[in-house]
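Asker: The sequence shown begins at 530 in the working numbering and counts up one residue at a time. Glycine included, every Cβ here is placed at the ideal spot set by N, Cα and C. First, the structure itself, so that you have it in front of you.
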Amino acid sequence: MPYALVTGGGAGIGRGIAQALARRGVNVALCGRRPQPLQHVAAEIEALGVAALVAPADLSDPAQRAALLASVRAAWGPLDILVNNAGLLAGGALHAQPASQVAQAIAINLLAPIELTRLAWADLQAQRGRLIFIGSSMSFVPQPFAALYAAGKMGLRGFAEALRYEAEPAGVQILMAYPPGVRTAMTAGMAAASGVPGFHLDAPEAAGERIVQALYKGQREVTWGVGEQALRRLFALAPGLVRRGLHTQRHRWQRMMSARPPQDA
Numbered sequence: 530m531p532y533a534l535v536t537g538g539g540a541g542i543g544r545g546i547a548q549a550l551a552r553r554g555v556n557v558a559l560c561g562r563r564p565q566p567l568q569h570v571a572a573e574i575e576a577l578g579v580a581a582l583v584a585p586a587d588l589s590d591p592a593q594r595a596a597l598l599a600s601v602r603a604a605w606g607p608l609d610i611l612v613n614n615a616g617l618l619a620g621g622a623l624h625a626q627p628a629s630q631v632a633q634a635i636a637i638n639l640l641a642p643i644e645l646t647r648l649a650w651a652d653l654q655a656q657r658g659r660l661i662f663i664g665s666s667m668s669f670v671p672q673p674f675a676a677l678y679a680a681g682k683m684g685l686r687g688f689a690e691a692l693r694y695e696a697e698p699a700g701v702q703i704l705m706a707y708p709p710g711v712r713t714a715m716t717a718g719m720a721a722a723s724g725v726p727g728f729h730l731d732a733p734e735a736a737g738e739r740i741v742q743a744l745y746k747g748q749r750e751v752t753w754g755v756g757e758q759a760l761r762r763l764f765a766l767a768p769g770l771v772r773r774g775l776h777t778q779r780h781r782w783q784r785m786m787s788a789r790p791p792q793d794a
């Protein structure tokens, strides 16, 4: 039976993806920093009739990244599906963020998915496996007071698109997912600070199902959300107009991105 490793699998989109994979008969290894949420999701997955493996790790630590891959291989053999979902939403004015936070954000949002992909590459080639990367609207349109997050998401998009030249001849599928705002611990503070009544966030379970559907259809990319798609298209056509609009909203963005300490998935 195939298995997947889902980073950030204890909550949010990662949990939704893990559940969607389990419904398709895929065993799931769950990675996150905190064991308790992972154990809760593992019980949900096992109730769907497949196996779950709890594999806690701090993905900002290179040694723990390597140990993670080694531990899941030792338990279940070569990896079939790698879901690079874990992310850290570190926002606010760049000068106010300590160096440790800068390093952690780049490590989790960019270095960890690159390194996990490198470490898993031999397995994915042998299994003709699948890779999922989770981007966002900031993969295309950087937004105020989100410089670190935008750097990670834009870098991840570039990495995945360049890697396709190596993946496709090897039979490895890459899916880039660009979900809209999704209801998670990371986004709850943003919604509260936005000042917008009825600030819409998608359900993480629905987001996970949509992403896995796209994976099994063989899509290269999945993106949704009317506002996000409109912003992406407008930025491609008239970037100056979008930048001016975002500049007028910079104080609201500062409130949203600075409302709470960094949250990771």
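Hey, how far is the Cα of V612 from the Cα of A691?
Answerer: Going from the Cα of V612 to the Cα of A691 covers about 18 Å.
Asker: Can you tell which of T713, A735, P708, G658 has its C-alpha closest to the C-alpha of V755?
Answerer: Residue P708 is the option with its Cα nearest to V755.
Asker: Taking 9 Å as the cut-off, decide whether the C-beta atoms of G684 and N638 are in contact.
Answerer: Contact: yes.
Asker: How big is the Cα-Cα spacing for L660 and I740?
Answerer: If you take the alpha carbons of L660 and I740, they lie about 12 Å apart.
Asker: What is the residue span of the alpha helix (DSSP H) that T777 lies within?
Answerer: Element bounds for T777: 768-777.
Asker: For P768, count neighbouring C-beta atoms within 10 Å of its own C-beta (all shown protein chains included) and say buried if the count is 16 or more, exposed if not.
Answerer: That one is exposed.
Asker: The beta strand (DSSP E) spanning F688 covers which residue range?
Answerer: Note, F688: premise wrong, no beta strand (DSSP E); alpha helix (DSSP H) at 676-699.
Asker: Would you list the residues sitting across from R659 in a DSSP beta bridge?
Answerer: In DSSP, R659 forms a bridge with I610, Q702.
Asker: Given a cut-off of 9 Å on the beta-carbon distance, is the pair L704 and Q748 in contact?
Answerer: Yes, the pair counts as a contact, with Cβ atoms nearer than the cut-off.
Asker: Evaluate contact between the segment 642-657 and the segment 590-601, counting only Cβ atoms and requiring at least three cross-stretch pairs below 8 Å.
Answerer: Counting Cβ pairs under 8 Å, three or more are found: they touch.
Asker: So which of L623, H569, D609 has the shortest CA-CA distance to A679?
Answerer: The shortest Cα separation from A679 among L623, H569, D609 belongs to L623.
Asker: Start and end of the alpha helix (DSSP H) containing V570?
Answerer: Taken as a continuous stretch (DSSP letters only), the alpha helix (DSSP H) holding V570 covers 564-575.
Asker: Anyone know if the C-beta pair for P564 and V583 falls short of 9 Å?
Answerer: Yes, the pair counts as a contact, with Cβ atoms nearer than the cut-off.
Asker: Three or more C-beta pairs closer than 8 Å, one from the segment 768-788 and one from the segment 663-679: is that the case here?
Answerer: The segment 768-788 vs the segment 663-679: in contact.
Asker: Relative to the ligand MN, is the shortest distance from any of its heavy atoms to the C-beta of A584 smaller than 8 Å?
Answerer: Ligands in the displayed structure: none, and consequently the ligand MN is not present.
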